[in-house]
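**Student:**
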Amino acid sequence: MNGAQVILKMLELHGVTHVFGLPGETTIGWYKEWQSSSDIEYVLTRDERTASYAAEAYAKITGRPAVLEAPSPGVTHCTPGITEAFLSSVPVIFFSSDIPVNQDKKHGLTGVDQTAMYESICKESFYLTNVKDIPFLLRRAFRVATSGRPAPVHIRVPINVFHDEAEIADLYADSDYSRYPAHRPVADHGKIRKAIDVLLAAKKPAIVCGQGALISRAGEAVLALAELLQIPVGTTTPGKGTIPETHPLALRVVGARGGMEYSNTYVKEADCIFFVGSNTDSSGTNHWKLYGDPAETTFLQLDVAEAHVGNNYPLKVGMVGDARATLEYMVELIRAEHPGLSRPTLDLTEMKRTALDAVFNSNIEMPEGTVSPVKLTQALDKLLPPNAIVTAEPGVAAIYPSALLSVREAGRRYITNYSMGALGYSVPAGIGAAFANDGPVISFTGDGSLAFVLGDFETIKRSGKNITVILTRNDNYGWIRGEAILLDDVDAPWTTDFGAVDYVKVAEGFGFRTARITSEDQIEATLAEAIAHPGASFIEMRVPSQDKIVPFVPPWIEAAKEKKLPYFY
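Numbering (the UniProt record's numbering), first residue to last: 1 to 569.
(1) Anyone know if the C-beta pair for PHE142 and PRO73 falls short of 8 Å?
(2) Cα-Cα, which of ARG413, TYR418, LEU450 is closest to PRO440?
(3) Beta-carbon separation of VAL506 and THR50 under 8 Å?
(4) Just confirm the distance between the C-beta atoms of ILE334 and ILE196, as a whole number of angstroms; I'd bet it's less than 8 Å.
(5) Three Cβ pairs or more, each shorter than 8 Å: is that satisfied between the segment 278-298 and the segment 206-217?
(6) In its own chain, which residues sit with a C-beta less than 7 Å from the C-beta of ALA557, not counting the 5 before and 5 after it?
(7) Does the distance from the C-beta atom of HIS163 to that of GLY21 stay below 8 Å?
(8) Please work out which residues of its chain come closer than 6 Å, Cβ to Cβ, to GLY430, disregarding the five sequence neighbours upstream and downstream, and give them in chain order.
(9) Indicate the three-state DSSP secondary structure (helix, strand or coil) for GLY21 in the structure shown.
(10) Would THR514 and GLU508 be called neighbours here (beta carbons separated by less than 8 Å)?
(11) Return the first residue and the last residue of the beta strand (DSSP E) that PRO205 is part of.
(12) Closest to ALA218 by C-alpha separation, out of LYS204, LEU200, GLY239, LEU229, would be which residue?
(13) For ILE7, which option in VAL90, ILE61, LYS105, PRO135 has the closest C-alpha, if you only look at C-alpha atoms?
(14) Pull up the distance between the alpha-carbon of LYS60 and that of ASN417, whole angstroms please.
(15) Could you tell me if GLN301 is buried or exposed, where buried requires 16 or more neighbouring beta carbons within 10 angstroms of its beta carbon?
(16) Runs of 3 residues minimum, wholly inside the segment 39-66: which ones carry the beta strand (DSSP E) assignment?
(17) What are the boundary residues of the alpha helix (DSSP H) that includes THR76?
(18) Take MET420 and list the residues in its own chain whose beta-carbon comes closer than 7 Å to its own, dropping the five residues that flank it on each side.
(19) Would DSSP call ASN102 helix, strand or coil?
(20) For GLY310, collect the residues of the same chain with a Cβ closer than 6 Å to its Cβ; drop the 5 residues on either side in sequence, then sort them by chain order.
(21) Could you give the first and the last residue of the continuous beta strand (DSSP E) run that contains THR298?
(22) Where do the ends of the alpha helix (DSSP H) carrying MET420 lie?
(23) Just to confirm the assignment, what range does the alpha helix (DSSP H) spanning PRO158 have?
(24) How big is the Cα-Cα spacing for ILE215 and TYR313?
(25) Drop a sphere of 10 angstroms on the beta-carbon of HIS154, count the other beta-carbons inside from all chains shown, and report buried for 16 or more, exposed for fewer.
(26) Kindly indicate the opening and closing residues of the alpha helix (DSSP H) around ARG353.
(27) Between the segment 479-487 and the segment 454-463, can you find at least three pairs of beta-carbon atoms closer than 8 Å?
(28) Whole beta strand (DSSP E) runs in the segment 485-540 with 3 or more residues, listed along the chain?
(29) Output needed for THR370: all residues of its chain with C-beta closer than 6 Å, excluding positions within five of it in sequence on either side, in chain order.
(30) Where do the ends of the alpha helix (DSSP H) carrying MET117 lie?
(31) Relative to the C-alpha of LEU137, which candidate in SER147, ALA166, SER125 has its C-alpha closest?
(32) Could you tell me which residues DSSP pairs with PHE94 in its beta bridges?
(33) Report all residues from its chain with a CB closer than 6 Å to the CB of ALA355; omit the five preceding and five following residues, and keep chain order.
(34) Starting from VAL253, trace the beta strand (DSSP E) both ways and give me its first and last residue.
(35) Tell whether a beta-carbon distance below 8 Å holds between VAL112 and LEU225.
(36) If you check the beta carbons only, do SER97 and PRO80 fall under 8 Å apart?
This is how it looks when you write it as structure tokens:
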């Protein structure tokens with residue numbers, strides 16, 4: 001078999017059905033074999049960065065490691081998506097083709113040390129120089145990517161390896177590593193019992209789930225523990241959807257990126273916080289100020305990544321293990337060892353409804369020519385079918401749906417890139433989500449981000465997928481403008497504002513069905529029509545920048561109060 005055949009066969013054996021990528025001269029040998037001998041679908045994008053984000057989102061939705069490929073001229077372009085996947089604990093098997101071994105030393109065109117480039121943002125980076133090594137290295141790649149804390153693995157393939165031939169005697173895969181997490185280690189049993197004792201003794205505990213709970217698919221176990229002990233459950237923005245947000249014990253999002261005043265106040269007043277699958281980063285903790293004085297709060301933490309446990313808060317009990325498996329055992333122990341347990345019933349429904357209604361009915365006057373992003377999210381929340389997926393990225397595009405959109409069924413129905421937070425994520429993520437799911441996809445984006453990815457409107461149109469891109473437009477980098485003006489008293493427009501573009505005409509040029517929302521009474525009908533349309537749709541709506549109407553960001557709200565600016569909280 002030649003190298004291309006072996007790679008394709010090993011991918012098939014691992015259950016791979018899609019590969020995201022972009023063509024290059026160094027990969028032609030692979031494509032030639034692919035066309036004649038494999039049914040794996042190749043998702044052609046117009047930018048390697050798009051392919052990398054699409055692969056990351058695909059892996060989030062499917063629970064399977066995604067496969068990404070890029071040629072040597074564009075190998076640097078994949079770093080945004082691979083970095084996001086690395087920080088978000090998402091397994092991506094990333095093939096980058098290359099010029100022949102050592103030709104870079106002769107200054108061969110496109111030669112660069114790809115291995116060194118990706119070692120810092122992948123769990124491992126392999127240099128594949130021998131066809132006979134392919135089965136072994138691919139088994140290792142899938143094993144490494146899906147075990148422990150999932151993350152990308154990089155495989156560098158010189159052009160000649162696709163053509164070279166060898167006798168292959170070990171063509172097999174280990175099915176354990178076709179999904180993630182591949183293994184589910186349970187935390188130390190003694191520590192689990194200590195954690196149970198702490199939770200039973202707490203007066204006002206809360207569970208806070210990060211995206212590790214979603215990665216582990218621990219929603220049912222989290223809910224079982226919460227219901228057994230009547231403990232409210234909040235999530236970070238990347239953890240949104242761990243449990244249904246309409247459940248009586250759901251606090252919804254907490255933190256500085258979508259946490260509302262009621263949910264942030266609740267966890268700040270809690271006497272015990274149980275972190276599940278959260279790395280306790282700056283945004284999820286409002287720069288580590290969300291829980292007040294750490295000396296007055298008891299902290300528990302459960303994570304599969306040892307380095308996360310106890311990293312930012314002093315722990316009463318730290319547990320290293322898979323979230324779902326450990327919580328299932330915790331629930332089993334409580335039921336067996338505390339059979340007569342009775343806890344007062346908690347129901348946060350009225351508290352949440354009051355807070356949401358206060359925002360939805362606030363009727364803050366919008367600046368001339370703009371429409372309320374609150375009303376947009378409210379209408380979308382009403383219309384979204386259960387099988388829909390929403391993608392969003394930092395800025396107006398994410399902050400309102402993170403706070404106000406209700407995930408009614410547990411799981412990855414709302415995905416963001418709040419691990420790294422780079423622009424240009426939502427539209428590519430929508431492409432990946434559409435290939436991972438049969439329902440409609442809604443991609444919230446801002447005009448700062450949209451400029452990064454307009455070329456892949458062609459990818460969306462060609463795919464035939466039901467993808468609606470919603471542009472919340474304000475003709476500036478609104479998040480930076482808000483940060484500069486509200487917190488640093490900097491005159492931001494000279495660095496943040498840019499010229500107007502007729503994005504509707506651009507989208508029409510790509511063959512999208514388009515609409516422009518200019519008043520609140522148009523929102524619901526426009527959204528309903530787009531969601532029902534089976535192909536590509538584009539909606540533009542002008543919104544105020546973050547320094548004009550301040551969204552759910554605690555430090556900004558404090559500044560807005562001082563400056564007497566309107567804000568949502």
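Glycine residues also receive a C-beta, built at the ideal position from the N, C-alpha and C atoms.
**Tutor:** Reading off the structure:
(1) Going by C-beta atoms, PHE142 is not nearer than 8 Å to PRO73.
(2) It is ARG413 whose Cα lies nearest to the Cα of PRO440.
(3) No, the pair does not count as a contact, with Cβ atoms beyond the cut-off.
(4) The C-beta distance from ILE334 to ILE196 rounds to 6 Å, short enough to meet the 8 Å contact threshold.
(5) Touching, per the Cβ criterion.
(6) Residue identity check: residue 557 is Ile in the sequence provided, not Ala. Once the five neighbours on either side are set aside, the close Cβ partners of ILE557 are VAL550, TYR567, TYR569.
(7) Result no, Cβ atoms of HIS163 and GLY21 do not sit closer than 8 Å.
(8) The beta carbon of GLY430 sits closer than 6 Å to those of THR391, VAL441, SER443, ILE467, all from its chain and outside the five residues before and after it, given in chain order.
(9) Residue state for GLY21 is assigned as strand, using DSSP reduced to three classes.
(10) Going by C-beta atoms, THR514 is nearer than 8 Å to GLU508.
(11) Unbroken beta strand (DSSP E) run through PRO205: 205-209.
(12) Nearest C-alpha to ALA218: GLY239.
(13) Here the closest residue by C-alpha is PRO135.
(14) Distance between the alpha carbons of LYS60 and ASN417: 11 Å.
(15) A residue is called buried once 16 or more other Cβ atoms fall within 10 Å of its Cβ, and GLN301 is buried on that count.
(16) Correct list: 41-44.
(17) Where THR76 is concerned, there is no enclosing alpha helix (DSSP H), given that its DSSP letter is neither H nor E.
(18) Answer for MET420: THR83, GLU84, LEU87, listed in chain order.
(19) The answer is coil: DSSP assigns ASN102 none of H, G, I, E or B.
(20) For GLY310, where only same-chain residues beyond five positions count, the Cβ hits under 6 Å are GLY318.
(21) Here the beta strand (DSSP E) through THR298 covers 298-303.
(22) Boundaries for MET420: no alpha helix (DSSP H) harbours it, and the DSSP string shows neither H nor E there.
(23) Annotation for PRO158: no alpha helix (DSSP H) segment contains it, though the beta strand (DSSP E) segment containing it runs 153-158.
(24) Going by the C-alpha atoms only, they are around 22 Å apart.
(25) In summary, HIS154 is buried, with 16 or more beta-carbon neighbours lying within 10 Å of its beta-carbon over all protein chains present.
(26) That run of the alpha helix (DSSP H) goes 349-360.
(27) The answer is no - the segment 479-487 does not touch the segment 454-463, with fewer than three Cβ pairs under 8 Å.
(28) Within the segment 485-540, the complete beta strand (DSSP E) segments of 3 residues or longer fall at 513-517, listed in chain order.
(29) Hits under 6 Å: ARG542, VAL543, PRO544.
(30) Following the DSSP letters along the chain, one finds MET117 inside the alpha helix (DSSP H) bounded by residues 114-119.
(31) Minimum Cα-Cα distance from LEU137 among the listed residues SER147, ALA166, SER125 corresponds to SER125.
(32) LEU68, HIS154.
(33) So the list reads MET260, TYR262, once near-sequence residues are dropped.
(34) Per DSSP, VAL253 belongs to the beta strand (DSSP E) from 250-253.
(35) Cβ distance not < 8 Å, so VAL112 and LEU225 don't count as in contact.
(36) With contacts defined as CB atoms closer than 8 Å, SER97 and PRO80 fail to qualify as a contacting pair.
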